[in-house]
Structure formats: C-alpha cells, structure tokens
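Chemist:
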Amino acid sequence: MPLVTEAHLEARRQQILEAAAACFARDGFHRTTMQSICGEAGLSAGAVYRYFASKEDIILDMCEAELRRNLAVFEEHASKGDTEAVLSGLADVFFRRLDEDVPASSRVSVEIWAEALRNPRVAGALRSRTEHHLEQFALVVSHGQDRGQINPDLIPSVIARTMLSAFYGLVLQKALDPGVNVPAYVESLKSIYFGRFWLKPSPAPTDKSTVRAGVKTLKKEQRS
57 MPLVTEAHLE ARRQQILEAA AACFARDGFH RTTMQSICGE AGLSAGAVYR YFASKEDIIL
117 DMCEAELRRN LAVFEEHASK GDTEAVLSGL ADVFFRRLDE DVPASSRVSV EIWAEALRNP
177 RVAGALRSRT EHHLEQFALV VSHGQDRGQI NPDLIPSVIA RTMLSAFYGL VLQKALDPGV
237 NVPAYVESLK SIYFGRFWLK PSPAPTDKST VRAGVKTLKK EQRS
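The opening residue of the sequence shown carries number 57 in the numbering used here; numbering runs sequentially from there.
1) Starting from the C-beta of arginine 163, find all residues in its chain whose C-beta is less than 6 Å away, skip the five residues before and the five after it, and write them out in chain order.
2) Is any non-hydrogen atom of the ligand ZN found closer than 6 Å to the C-beta of histidine 189, if you look at the structure I gave you?
3) Tell me the rounded alpha-carbon separation between glutamate 62 and glutamine 205.
4) What number of angstroms, rounded off, separates the C-alpha of arginine 174 from the C-alpha of tryptophan 254?
5) Once you ignore the five residues that flank valine 196 on each side, which residues in its own chain have a CB closer than 6 Å to its CB?
6) Could you tell me the alpha carbon to alpha carbon distance between glycine 98 and arginine 68, rounded to whole angstroms?
7) For serine 92 and cysteine 79, what's the separation of their Cα atoms in angstroms?
8) Mapping DSSP to helix, strand and coil, what is leucine 73?
9) With a CB to CB cut of under 6 Å and the five nearest residues on each side skipped, what residues in its chain are close to valine 271?
10) Grab me the residues of alanine 160's own chain with a C-beta within less than 7 Å of its C-beta, minus the 5 sequence neighbours each way, in chain order.
11) Would you mind listing the beta strand (DSSP E) stretches within the region 197-238 that are 3+ residues and don't spill past its ends, in chain order?
12) Would you grab the beta carbon distance between leucine 123 and arginine 177 for me? Rounded to a whole angstrom, and I think it's under 8 Å.
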C-alpha cells in the first residue's frame, strides 16, 4: 500500500477548507452541515472527519491559516526601510486579496465574526489573530516614529487599531456589496495616511471676532 505524503494530506486539508468556505459563504455557518461540506468537497464523511471533527474546528483552522499567511506578508515587507513603502505594500497585498474575494472571503469573515459572539473557542482564536495583527501594525508605526517619519506623539497601538478597523470596515462593505471599488478605497486610504488628502491647510480662526465675522458673512451669503 503506497504511503500518503505530507503534500497529499495538506492538499486534502485545503480541499476541505475551500469547500467549507464556499458553504459558509453561500449558506451561512449554522445552515451549513458537515454533510454539506462533504458534498461540496466531493469526499466521504470519513475522509472529512479524519481532518476535522466539527465545523468549529474548521473555523479555527481557517483563523490559524490566515494568521500564518499574514505574518509571512508582514515579514516580507518589514525589510523595506521606508515606512510609507511598508504600509503601502501591506495595503496592496491585503486589499488585493479582498478585491479578488475568492471564495467570497468577506462573507466568510463576517460569518466567523458572528460565530465569535456566541462561541468562546472561536472568539479566543479571533482575538489571538487580531492581537497578532495589531502587534505587527504597531511595530511598523513604532519603527516609523524612530525614523522620524511618523508623529512621535501618536500611540502606535491606537494607530494600529485604526488601520485594522479600516480594513475590517471594507470587509463588511464587500460582504454586503460585492461591487465595492476596492482599489479606489485603497487609494483614498493612502491619501489620508500619507498626507495627500488635504490640498492645503486651512488656518483656524484666531479669536472670537474672526469667528463672528465669518458667521455674519455666511448669513449674508445665504440671504443673497
């Protein structure tokens, strides 16, 4: 009897994960059964249960796989000296994946978030994944501050959460509307983070008389 190689085992595992993702995206987590995953994968129940005992185990594996993949991306781009180049490269990679959205990864992400609200094991895995991402983004910001490229008064962990929130927000929008223009969204984010959002700074009023004068002018324009 021929030995089963590690490559074969990994390919079969990936086959099951992709089938589960397709089912979760189409039917939702709770309407998906292990039987429907078997059917989607074209495998027997025994073959699927050899790798995963439950849908919960499949989600946990998905979280771990995404974390490994994303940490590899951080490691690849961290070697770039310029902080803007690092952040721009990370944005291009992560948002390109979302734009490709195969197989409907945005809908799968939302399903996992919803399950995390009810399932402590999934919540723990999701928190761990999020914390690792926040640590990596905060490290990029901190390095940018050390190089004099980012305002040193800003708190790296807070900026990291803001960046991640921008990504999560688009994931939700993509799940609700697959036609969202992801590249345009990315360029808008870059314009904000890299200082191209404002055409020129607007001077703030210096005293109350200036404010009153501005209000009078506005009222006059509204009446005319």
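No residue lacks a Cβ here, since even glycine has one placed at the ideal position from N, Cα and C.
Modeler: On the basis of the coordinates in this document:
1) By 1-based counting over the sequence shown, the position of residue 163 is 107. Taken in chain order, the residues that qualify are Ala81 and Ala231.
2) By its list of ligands, the structure shown contains no ligand whatsoever, and the ligand ZN lies outside what it can speak to.
3) Stepping through the sequence shown from its first residue, residue 62 is reached at position 6. Stepping through the sequence shown from its first residue, residue 205 is reached at position 149. Approximately 45 Å, taken between the alpha carbons.
4) Position 118 of the sequence shown, counting from 1, holds the residue named residue 174. Position 198 of the sequence shown, counting from 1, holds the residue named residue 254. Rounded to the nearest angstrom, the two C-alpha atoms are 43 Å apart.
5) As a working note, residue 196 is residue 140 in the sequence shown. Within the same chain, Val142 come within 6 Å of valine 196 by CB-CB distance, once the 5 residues on both sides are set aside.
6) Position 42 of the sequence shown holds residue 98. Position 12 of the sequence shown holds residue 68. Each residue's alpha carbon lies about 11 Å from the other.
7) Residue mapping note: residue 92 aligns to position 36 of the sequence shown, counting from 1. Residue mapping note: residue 79 aligns to position 23 of the sequence shown, counting from 1. Spanning the alpha carbons of serine 92 and cysteine 79 requires a straight line of approximately 7 Å.
8) Within the sequence shown, residue 73 is the residue found at index 17, counting from 1. Looking at leucine 73 - three-state DSSP - the assignment turns out to be helix.
9) Position 215 of the sequence shown holds residue 271. Reliability of the predicted coordinates at valine 271 is poor, the pLDDT of 47 falling under 50, and the value obtained from them is presented with this limitation in mind. There are no such residues.
10) Taking the first residue of the sequence shown as position 1, residue 160 is located at position 104. Result list for alanine 160: Ala81, in chain order.
11) none
12) Residue mapping note: residue 123 aligns to position 67 of the sequence shown, counting from 1. Residue mapping note: residue 177 aligns to position 121 of the sequence shown, counting from 1. No, leucine 123 and arginine 177 are not in contact; Cβ-Cβ is about 15 Å, not under 8 Å.
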